[in-house]
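Residue numbers (my numbering), protein chains in the order written: chain D, 1325 to 1410; chain E, 20 to 633.
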Amino acid sequence: DASDDNPKLHIVYMGSLPKTQYSPTSHHLSVLQQVFDGNDATNSLIRSYKRSFNGFAAMLTHQQKEMLSQMEGVVSVFPSRKVQLH
Amino acid sequence: TTRSWDFIGFPESVKRSLAVESDVVVGVIDTGIWPESDSFNDQGFGPIPKNWKGTCAGGKNFTCNKKIIGARFYASESTRDIDGHGTHTASTVVGNNVLGASFYGLAQGTARGGVPSARIAAYKVCNESGCTNDAIMAAFDDAIADGVSILSVSLGGSNIVPFDEDPIAIGSFHAMERGILTVNCAGNNGPFPRTVSSVAPWMITVAASTIDRRFIDKVILGNGKTLIGRSINSFSSNGTKFPIAKKNGNSTKCLEDRANICECLDSHLVKGKIVLCGNRANPSYNGGHPIGSIIKEFSIGETNFITPLPSLVLSSIEYEQLKSYMNSTNIPKAEILKSETIKDTNAPTVADFSSRGPNTIVSEILKPDISAPGVDILASFSPDASPSGKTFDKRSAKYSIISGTSMSCPHVAGIAAYLKTFHPDWSPAAIKSAIMTSAKTMKVSEDDVGEYAYGSGHVNPISAIHPGLVYDISLEDYIQMLCNLGYHNQKVKLISGKNNACSKATHRSSVRNLNYPALAIDVESMTSFTIKFKRTVTNVGLANSTYKATILPNPGIKVSVVPETLSFKSLHEKHSFVVTITGDKPEQHVLTSSLLWSDGTHNVRSPIVVNVLD
C-alpha cells in the first residue's frame, strides 16, 4: 500500500555473492544508509544473507522499498509475507 | 509411511549402499524436529560425514546426535518442533525404521523414511504465528553453505509470484548452483486449475496422491442402521450409544445458526451428547463439551482429519438419513465406532486438495512435476503437539496421520536422496529427470486434466535408479531461460554472478527449448499451429543402445519426432532431437500426448501438454 508509511519487513535480494573479497554486512548497511537518516539503517537491518547468496531483510517503508528497488546491485525488494505449511 | 513406501514399490528390502547413504545429509526446512523421536535415534550411526560444514545450533533444550547433525532456528527459541509438521516430514525422508508404530492402533506397521541411514539437518522457519519469507531465505542461505545433499521444503505461498520475489525459488536456484536439488510441495489449493504455486524449473514440485489404505468409520444409529463415513477417529465407544443433541444452541451467546455448524455450543444442550455440525469441516466446539460429533461431507478439496472427539464425516445423503432418523424419535442415539482401514483398489489417484497446473508464470514448464503419496500418511510427530490441532485435545502421540502435499514432498525428497547414493555425481536436473521420466501413468477423473494434477505421473523409485536417458539442464541453460523470459541482463548477471549473462540472442519463444523432461505449450484457440521443441538426452543406461520413439496418439494433434531412433555408442553420449506438434483449430481446451523413448529395457516417458488459450 503506497499510502502506508509504517515500516514493514522486506527482503532485499541482491543475487550471487561477489567472488572478490566482500564484506556483506557492511555493504548491506551502506545500501540501507542511502535510504535512511543517521543510525536508523543499523536498527532497520534485521538479517543479512551472506553465506550462499547476497541480500538482507530490513524494516522499510513503501518509499524506501521503491528507492532500493531502483538501486544498482539490487535484484528485487519484496515484503516478507507468511507462507503456509502444506 | 507404514504403507506408503511399500505402495510405491519401495520395500524395506530395497538394495542400498549404506556407506554412501550415511554420508547423505537431507536438509529439512520446516517447523523443526522432535529430537527424541525414535525416528531420529542415532544407534548404529558412525561419525558425522567429513564434508559436513554445518553445526548444531538448535537452541534451548535441543541436542543433536549422529543422526541429527545440523540444527538451526530462525523463529522461536529452539529447533524443537512443537507443531508436529516438521517431525512428520523429516521422518518421512530420513526416519529410522521403527517397528510397531501407529496412531492409537490405527495404521500400525513399521514407520520408516526413504533413506533411513542418511542424516538430517533441521532448519526451523516457523513458529506458532506462521512461517515467514525472511526466515526461509535465511534457512536456504545456511543449508546450502552447510553442505546438505538434498533439500525438502514442505511449505509455500498460496499466490504465484515471480521467481525473484519467491524465497523458495531464489533459495533453490542457489542450491541448484551448488548441485543441491530442492524438493517442494505443489500446495493444497486444488482441485482448481492454475493453483500450483511452486513453479520454478530448477526444483521438483510434488502433487499428492492416495495410497491403497483408506480410512473409514461407522456410526450405528439407535434404529440399528449403520452409516459409513470418513475421518481418523481413534476413540472407541465400546458398544455404548450416546444421545444425539436435537439443538446445539439457543442463547444470545450462541445463536442457532452458528450452533448448527458447531461454531459455538450451549453446554446444557450438548453435554454428554453427539452433536451434528453441518458442513463445517473443522468445528470449534466453543462453549460446550459434546461426547462426539457428526459432520456433513466437507467442502471440495478437503481431506480426512484427526478428530478431537469420536467423530465422523458423512456424505450429504447419509447425513440426511441421520437427520431423518433424529427427527423420527424423541431420544435419538448413536454409537460412533473407531476408524478402520480398507483397501482402496482405485489408488493412486490425485488428492482433490492437491494444487493443479497450468503454470501461470512460465507456461512451458509443466507443474506439478510428479505425484507421490500425500493422503493419510502415518509418520513421527511431536508429543507436545495436539494431534487434532485443538488445544482441548490433551492426547499426546509419537506418531500421527496427516494429509497434504507437505507429506508427498518428503517422499520424493527421500527418493532423490536414494538416487543420489547411486549417482553422487548427477546434477539436480538429472536426478529430477530420472524421477520424472520413470513415473507411472495415473488415473484421473473425467473433469480433471491429468498432467496438471500429477505432472509426469506417480513416482516409481526403483525404475528411477536406471532411467536409461536423462534430460540434463546446466546452470547456463537456466540462465539463458531467464534471459529468454525477459529478465534484464543486469538482473541475470546479479543472480548468476556471470558477466554478459544474456549475451546470446534471446527470444520468449525459446523458453520451450529448455531441456525439461516434459513438454508444454500454450496455443491460441481457433488457429492452426506448428510448434517445435528441441531436446537433448544423455545416455546413462547401456553404452551400446538404440532407443526408438513412440508417441501416444491424440486425434486433436499430430506429433512427430526427428530422428525417431537414437543410437548410442558410449555412456554420457548426448543426442538431440526435435518434437514437432501440429494442430488445426483445436476444439478441446487441453490436448495431451506423450513421448516415449525405449531401448526395450529402459522406458523414458515425457508428457506433452498443449493448453489452448480461451
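Glycine included, every Cβ here is placed at the ideal spot set by N, Cα and C.
Separation of residue j from residue i, as counted between CA atoms
i	j	result
E/R131	E/D100	19 angstroms
E/P480	E/F552	28 angstroms
E/I667	D/D1364	The structure shown does not extend to residue 667 of chain E, since chain E is modelled only from 20 to 633, so the question has no answer here.
E/S547	E/N252	55 angstroms
D/M1383	E/A157	16 angstroms
D/E1390	E/S617	53 angstroms
E/L533	E/T525	13 angstroms
D/R1375	D/S1350	14 angstroms
E/I492	E/I52	33 angstroms
E/S382	E/E495	20 angstroms
E/N378	E/S23	28 angstroms
E/G133	E/N146	27 angstroms
E/V581	E/K567	11 angstroms
E/L585	E/C428	34 angstroms
E/Y497	E/W221	8 angstroms
E/F261	E/N298	21 angstroms
E/A264	E/L331	16 angstroms
D/G1379	D/Y1337	4 angstroms
E/Q499	E/A520	7 angstroms
E/S177	D/Q1408	7 angstroms
E/V463	E/I550	27 angstroms
E/S335	E/K237	15 angstroms
E/K517	E/R375	34 angstroms
E/V44	E/M461	31 angstroms
E/S595	E/T555	4 angstroms
E/K86	D/L1333	35 angstroms
E/K510	E/S390	33 angstroms
Distance between beta carbons of residue j and residue i, contact taken as under 8 angstroms
i	j	result
E/K296	E/C283	According to the sequence provided, residue 296 of chain E is Cys. The question's Lys does not apply to it. Actually they are not in contact, since the Cβ atoms of E/C296 and E/C283 sit about 11 angstroms apart, beyond 8 angstroms.
E/A537	E/S475	6 angstroms
E/G306	E/K290	Not a contact, Cβ separation roughly 11 angstroms.
E/I420	E/A126	6 angstroms
E/A141	E/V167	Not quite, the Cβ-Cβ distance comes to about 11 angstroms (not below 8 angstroms), so this is no contact.
E/S58	E/S110	4 angstroms
E/S97	E/K79	4 angstroms
E/S425	E/S173	4 angstroms
E/L170	E/A194	6 angstroms
In DSSP terms, what residue i is bridged to
i	result
E/W616	E/A568, E/V623
D/F1308	No answer is possible for residue 1308 of chain D: it lies beyond the span of chain D, which begins at 1325 and ends at 1410.
E/V112	Answer by DSSP bridge pairing: none, since E/V112 is not bridged.
E/F548	E/G602
E/A130	E/V117
E/M222	E/T201
E/T557	E/V489, E/K593
E/S125	This sequence places Leu at residue 125 of chain E; Ser is not what is there. DSSP output for E/L125 lists E/F122 as bridge partner(s).
E/C150	D/V1407, E/C145
E/N630	E/D541, E/V609
E/L333	E/K315
E/T584	E/K567
E/T245	E/I239
E/V369	E/S228
E/T360	E/F234
E/R138	E/V44
E/I325	E/I251
Three-state class that DSSP yields for residue i in the structure shown
i	result
E/V144	coil
E/K72	coil
E/N418	A small fix is needed here, since residue 418 of chain E is Tyr in this sequence, not Asn. The answer is strand: DSSP assigns E/Y418 an E or B state.
E/F596	strand
E/L397	strand
E/V167	coil
E/E96	coil
E/I179	coil
E/D89	A small correction: the amino acid at residue 89 of chain E is Gly; Asp does not occupy that position in the sequence shown. E/G89 falls in the strand class under three-state DSSP.
E/I380	coil
E/F29	coil
D/E1396	coil
E/V172	strand
E/N573	strand
E/F411	coil
Distance cut-off 7 angstroms: residue i Cβ against heavy atoms of the ligand SAM
i	result
E/N622	Among the ligands in the structure shown, none appear at all, so the ligand SAM cannot be discussed.
| field | Secondary structure, beta strand (DSSP E): runs of 3+ residues fully inside the stretch 1333-1384 of chain D | value | Listed in chain order, they are 1369-1373, 1378-1384.
| Contained beta strand (DSSP E) runs [length at least 3] in the stretch 31-78 of chain E, N- to C-terminal order | With a minimum length of 3 residues, the continuous beta strand (DSSP E) runs that stay inside the stretch 31-78 of chain E are 44-49.
| Can you list the alpha helix (DSSP H) stretches of 4 or more residues lying completely in the stretch 435-515 of chain E, in chain order? | Along the length of the stretch 435-515 of chain E, whole alpha helix (DSSP H) runs at least 4 residues long occupy 447-456, 469-473, 480-484, 494-504, 508-515, reported in chain order.
| query | Could you give the uninterrupted runs of the alpha helix (DSSP H) lying entirely in the stretch 283-322 of chain E, keeping only those of 4 residues or more? | reply | Taking only runs of at least 4 residues, the alpha helix (DSSP H) segments lying wholly in the stretch 283-322 of chain E are 286-289.
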